[in-house]
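Colleague: Chains B and H, in that order, are what the protein sequence lines are. Letter 183 of the first sequence, counting from 1, is numbered 183 in the UniProt record's numbering, and no numbers are missing. Letter 81 of the second sequence, counting from 1, is numbered 81 in the UniProt record's numbering, and no numbers are missing. C-beta: ideal position from N, C-alpha, C; glycine also.
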Amino acid sequence: MNREDLRRRIGVDGRLLSVETWDQIKHTERFIGGAAVVFVLTFSWTISSAPVISDFVQGYHRLALSMMAWMLLGLSFNFLLGQTGLLSFGHAMFWGGSGYAAALFALHVSGSPLLILVVGVLFSVVLAFLSALVLLRLHGVYFAIVTLAIAQTLYRLVREPLEPITKGINGLRPSFDPLLGVFALGEYRGPLEFLGSGMYVFLGIFFVATIVLITRVRKSPYGLIFKAVQENETRARFVGLDVWRYKYAAFMLSAFIGGLAGTLFFMVTGPGLMSGSVVPERMLWTNSGNLVVMVVLGGLGTLAGPLVGVFLFQWMGSVLNGLGWVIPGLSILGPIGQYWQMLVALAFTAVVWTYPEGVWGMITDATAALREPQTIPEKLKRKTPGLRSDAEQGDDR
Amino acid sequence: MVVAEVIQFSFNVLFRASIYVLVAIGLSIIFGSLQYVNMAHGALYLFGAYLGYVIAGTNQYSDGILAGMGQFGLDAGFVAALVVVPIVVFLAGVVMEHFLAKPFYDRPLLDQLLVTFGILLVFQEVVGEIFGKSSLLYPRPDWLLGAFELPGIGVPPGFESVSTVRVIAVLLTLVLIGVIVAFYRYTNYGLAVRAGTEDTEMTRLLGIRVDRPFLLIFAIGAAYAGIGGLLGGFQFGFSYQSGVEIIIPALVIVIMGGVGSLRGTILASLLAGLSVAVVGVFVPSMSTASIYVLAIIVLAFRPNGLFESEAIAQ
């Protein structure tokens, strides 16, 4: 293959090895899909057994699994807020609801992982379909608070009145069958050991698929309409767009990904790799609150932002928090670790206050500054992308 | 003894509603007049509860930084707390307005929501580290928990099982509602706030300084939340997470009533108190969640709340 062919294949003009080419490549769907695959292949290995990095990160395989499920939820939340401007404070309803649907299905009907996944996602979508009837008539803070209210109601329901079915605070812990009756989802040994387990591969496939799906939607004309709705709803309506329909679509897509995340998280948190667990706390509003913190901390509206945010938050929560390890020169992390929630809250507040683009925004700005130092002051002046006040919407509130 | 039961039940409802009103009224006014949504209002509730606890008694803490350092507190009693708490929380409200609210008046609503949520989380964690994360209960004098008595008459008929603290709370709330309504209707500050709500810029151009009335409203709302923390904490107990636990129902009540509407907030608080009490009889576990169900039903039919965006206190 010559250079011209290569250029045509990846759809860029100009010289292959230049900053401009890189700028073009990094936004193509193929590159993002490929990066997602590379990420999945290396993530677990990097944090749990890579030579130097894993000593510092102190991760373990199960942490990689739960982080990846959280990342999916982060993508779901980020899609809703970053693309459409709907702030959901109740994403725990998809997170826990799909988990319960999946657990009950696994317990009473079938242990097939794929069927469990379908049921979990379906439940989440139906839940979104019903709650959207009320939710999408509301704006801004109204929307945020009512999503929270719905999630809290479900939490209470699951916890006590439905106890005979959901087993109350003890939760459910069903186990499931090998994938398609053949592939066990347990630990890998031998040449594929760097992947960790079959469950990780299973999760990774859906992770890559979600990234590709979201990129496709973001880049399509259809996805641009979401942006238009976010920028100014009234104007979008005047152009002749059925705003309600697009908000509905965004909400359903977010619920779809949220359900995927919730079911996969249920599958990876069981006592063993071939079993799942779900407890009422998964529907508690703190999950929704933490999710908001993670995504905004990482960087709202970008693809990588939620992933970075989830990683930082989960790492601080599980590793820094229970720090029984001392690395020469890093022993100070020990005493700090127990205040991690306060630190995260402080960081979150600081980010919203001064640098709404989050940690990922800082990274991209830093790399941009290396290339063109004069762009930084402009960037700093910019406000949060697309978060607008209700006052601007005027009469349609 | 049907009468006694009805009275007892009514005071259950009214007491709950009082706590909700005290917290929600400040939220609603600030939201309605300043277009500022203040999740950190929950921190003021928390502040009121803990400050009252320190003033009312001396206590040994079992965890947190203060653990093992002996007794802490002024042992000045509940009445002293009732006087000091609103004053201190009022001042805290002034500080909060200056440093937290003012820089955000012109920022988008969701920025405000996120940053005040962050502040609430930080404050909650700090309190949890200092006082410990276990839930606390006020030192309880008998005269506050015993049946309500009038001097000279004794216990009024039907009031045998209504504790004094509930009656005090309900009466106090009625007075405080009266104060805020009077403030709006009859003072120049209230007039300035109403004008500033309509159009801040135009009011400024007319030469009216709206900053100070806004500050005052903010701080009054804060003081109310502090009193709510004191009374609610006394009756139900409290922990470092109480601020978040109250702010969620309070926000739900505010939007159920219609943002900025005093009538709506009061009515929604009463409905919420009623649903908590009634559902609490049949399905205790769903009592607080019933507020959310109620709000969802109300908003399904009236997306702008019970009394939508009317000018305040008309």
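Are the C-beta atoms of H:Ser269 and some chain B residue less than 7 Å apart?
Modeller: Translated into the one-based positions of the second sequence, residue 269 of chain H becomes position 269. It does not: the Cβ of H:Ser269 has no partner Cβ on chain B nearer than 7 Å.
Colleague: Can you look up H:Glu201 in the DSSP assignment and give me helix, strand or coil?
Modeller: Counted from its first residue, the second sequence places residue 201 of chain H at position 201. Correct three-state label for H:Glu201: helix.
Colleague: H:Met286 touches chain B at which residues, Cβ-Cβ below 9 Å?
Modeller: Start at 1 with the first residue of the second sequence, and residue 286 of chain H comes out as number 286. What H:Met286 touches in chain B: Thr153, Arg156, Leu157, Glu160, Pro161.
Colleague: Does DSSP put H:Gly243 in a helix, a strand or coil?
Modeller: Translated into positions along the second sequence, residue 243 of chain H becomes position 243. H:Gly243: helix per DSSP, three-state reduction.
Colleague: First and last residue of the alpha helix (DSSP H) that includes B:Glu187?
Modeller: Within the first sequence, residue 187 of chain B is the residue found at index 187, counting from 1. That residue, B:Glu187, is in no alpha helix (DSSP H); it is neither H nor E in DSSP.
Colleague: Taking the C-alpha atoms as reference points, what is the distance between B:Gln338 and B:Gln58?
Modeller: Along the first sequence, one-based indexing puts residue 338 of chain B at 338. Along the first sequence, one-based indexing puts residue 58 of chain B at 58. Cα-Cα distance, rounded: 16 Å.
Colleague: By Cβ distance, which residues of its chain are closer than 8 Å to H:Ala147, with the 5 residues on each side in sequence left out?
Modeller: Here the question's residue 147 of chain H lines up with position 147 in the second sequence. Excluding positions up to five away in sequence, the list reads Val155, Phe159, Glu160, Ser161, Val162, Ser163, Thr164.
Colleague: Would you check if there are 3 or more beta carbon pairs closer than 8 Å linking the segment 45 to 59 of chain H to the segment 131 to 139 of chain H?
Modeller: Yes: the two stretches touch, three or more of their Cβ pairs being nearer than 8 Å.
Colleague: Over the uninterrupted alpha helix (DSSP H) stretch that includes H:Val23, give me the two end residues.
Modeller: Mapped onto the second sequence, residue 23 of chain H falls at position 23. Its alpha helix (DSSP H) spans residues 2 to 34.
Colleague: If we call anything under 7 Å between Cβ atoms a contact, is H:Val181 one with H:Arg16?
Modeller: Translated into the one-based positions of the second sequence, residue 181 of chain H becomes position 181. Translated into the one-based positions of the second sequence, residue 16 of chain H becomes position 16. No, the Cβ-Cβ distance between H:Val181 and H:Arg16 is not below 7 Å.
Colleague: How many Å lie between B:Leu284 and B:Ala92 at the Cα?
Modeller: Numbered from its first residue, the first sequence carries residue 284 of chain B at position 284. Numbered from its first residue, the first sequence carries residue 92 of chain B at position 92. Cα to Cα, B:Leu284 sits roughly 7 Å from B:Ala92.
Colleague: So, helix, strand or coil for H:Gly154, using DSSP?
Modeller: In the second sequence, counting from the first residue as 1, residue 154 of chain H sits at position 154. H:Gly154: strand per DSSP, three-state reduction.
Colleague: Would you identify the three-state DSSP class for H:Ser275, choosing helix, strand or coil?
Modeller: Numbered from 1 along the second sequence, position 275 holds the residue referred to as residue 275 of chain H. Here H:Ser275 sits in helix by DSSP.
Colleague: Are the C-beta of H:Leu109 and some C-beta of chain B separated by less than 7 Å?
Modeller: One-based indexing of the second sequence puts residue 109 of chain H at position 109. Cβ-Cβ to chain B under 7 Å: yes for H:Leu109.
Colleague: What three-state label does DSSP hand H:Asn59 in the structure shown?
Modeller: The sequence position of residue 59 of chain H within the second sequence is 59, counting from 1. Strand at H:Asn59.
Colleague: Would you grab the beta carbon distance between B:Val146 and H:Ala295 for me? Rounded to a whole angstrom, and I think it's under 8 Å.
Modeller: Locating residue 146 of chain B in the first sequence gives position 146, where the first residue counts as 1. Locating residue 295 of chain H in the second sequence gives position 295, where the first residue counts as 1. With 8 Å as the limit, B:Val146 and H:Ala295 qualify as a contact, their Cβ atoms being about 7 Å apart.
Colleague: For H:Ile297, which three-state DSSP category applies?
Modeller: Residue mapping note: residue 297 of chain H aligns to position 297 of the second sequence, counting from 1. In the structure shown, H:Ile297 sits in a helix (DSSP, three-state: H, G or I).
Colleague: How about H:His300: is its C-beta nearer than 7 Å to some C-beta of chain B?
Modeller: Your numbering for residue 300 of chain H matches position 300 in the second sequence. Reading the sequence as shown, one finds Ala at residue 300 of chain H and not His. Judged by the 7 Å Cβ criterion, H:Ala300 is in contact with chain B.
Colleague: Grouping DSSP H, G and I as helix and E and B as strand, with all else coil, what is H:Ser163?
Modeller: If you number the second sequence from 1, residue 163 of chain H lands on position 163. Reduced to three states, the DSSP call for H:Ser163 is strand.
Colleague: For the candidate residues B:Ala228, B:Thr234, B:Ser44, B:Asp365, whose alpha-carbon lies nearest to that of B:Gly196?
Modeller: Taking the first residue of the first sequence as position 1, residue 196 of chain B is located at position 196. Among B:Ala228, B:Thr234, B:Ser44, B:Asp365, the Cα nearest to that of B:Gly196 belongs to B:Ser44.
Colleague: Beta-carbon within less than 8 Å of H:Ile255's beta-carbon, same chain only, minus the 5 sequence neighbours each way: which residues are those?
Modeller: For the purposes of this step, residue 255 of chain H is taken as the residue at position 255 of the second sequence. Result list for H:Ile255: Ala295, Leu299, Gly305, in chain order.
Colleague: Any contact between the segment 124 to 139 of chain B and the segment 63 to 75 of chain B? By contact I mean 3 or more CB pairs, one from each, below 8 Å.
Modeller: Not touching, per the Cβ criterion.
Colleague: Provide the residue span of the alpha helix (DSSP H) that contains B:Asn78, from first to last.
Modeller: What you label residue 78 of chain B is simply residue 78 of the first sequence in a count that begins at 1. Start and end: 61 to 78.
Colleague: Am I right that residue 436 of chain B and B:Tyr246 are in contact with their C-beta atoms under 8 Å? What's the rounded C-beta distance?
Modeller: This structure leaves residue 436 of chain B out entirely; chain B is present only between 1 and 397.
Colleague: Which of the three DSSP states is assigned to B:Trp325 in this structure?
Modeller: As a position in the first sequence, residue 325 of chain B is number 325, starting the count at 1. At B:Trp325, the pLDDT of 49 sits below 50, so the modelled position is not reliable; the number obtained from the coordinates is stated separately. Here B:Trp325 sits in coil by DSSP.
Colleague: Just checking my contact of B:Gly85 with B:Gln230 at CB under 8 Å: how many whole Å lie between their CB atoms?
Modeller: Against the first sequence, residue 85 of chain B aligns to sequence position 85. Against the first sequence, residue 230 of chain B aligns to sequence position 230. Confirmed, Cβ separation roughly 4 Å.
Colleague: Apply the 10 Å Cβ neighbour rule to H:Met96 and answer buried if 16 or more other Cβ atoms are within range, or exposed otherwise.
Modeller: For the purposes of this step, residue 96 of chain H is taken as the residue at position 96 of the second sequence. Its Cβ being crowded by 16 or more others within 10 Å, H:Met96 is buried.
Colleague: Please confirm whether H:Gly118 has its beta-carbon closer than 7 Å to some beta-carbon of chain B.
Modeller: Here residue 118 of chain H refers to the residue found at position 118 when the second sequence is read from its first residue. Output row for H:Gly118: interface = yes.
Colleague: To be precise: take each residue of the segment 238 to 254 of chain H, compare its Cβ to all Cβ atoms of chain B, and keep it if any distance is under 7 Å. Which residues remain?
Modeller: So the close ones are Ile248, Leu251, Val252.
Colleague: If you pair each beta-carbon of the segment 159 to 166 of chain B with each one of the segment 134 to 151 of chain B, do three or more pairs fall below 8 Å?
Modeller: Touching, no, given that fewer than three Cβ pairs across the two stretches are closer than 8 Å.
Colleague: By a C-beta neighbour count over all protein chains shown, 10 Å radius and 16 as the cutoff for buried, is B:Ala368 buried or exposed?
Modeller: Position 368 of the first sequence, counted from the start, is the residue given in the question as residue 368 of chain B. Exposed: under 16 other Cβ atoms inside 10 Å.
Colleague: Since H:Leu34 contacts H:Phe214 with CB under 8 Å, what's their CB separation in whole angstroms?
Modeller: Taking the first residue of the second sequence as 1, we reach residue 34 of chain H at position 34. Taking the first residue of the second sequence as 1, we reach residue 214 of chain H at position 214. About 6 Å; that satisfies the 8 Å criterion.
Colleague: What does the alpha-carbon distance come out to for the pair B:Gly34 and H:Leu274?
Modeller: Taking the first sequence and counting its residues from 1, one reaches residue 34 of chain B at position 34. Taking the second sequence and counting its residues from 1, one reaches residue 274 of chain H at position 274. Taking the straight line from one Cα to the other gives about 57 Å.
Colleague: Give the residues of chain B in contact with H:Ala295, contact being defined as C-beta atoms less than 9 Å apart.
Modeller: One-based indexing of the second sequence puts residue 295 of chain H at position 295. Residues of chain B passing the Cβ test: Ile145, Val146, Ala149.
Colleague: So what's H:Phe72 in DSSP terms, helix, strand or just coil?
Modeller: Along the second sequence, one-based indexing puts residue 72 of chain H at 72. Correct three-state label for H:Phe72: strand.
Colleague: State the start and end residues of the unbroken alpha helix (DSSP H) segment that holds H:Ile130.
Modeller: To locate residue 130 of chain H, count along the second sequence from 1; it is residue 130. Its alpha helix (DSSP H) spans residues 109 to 131.
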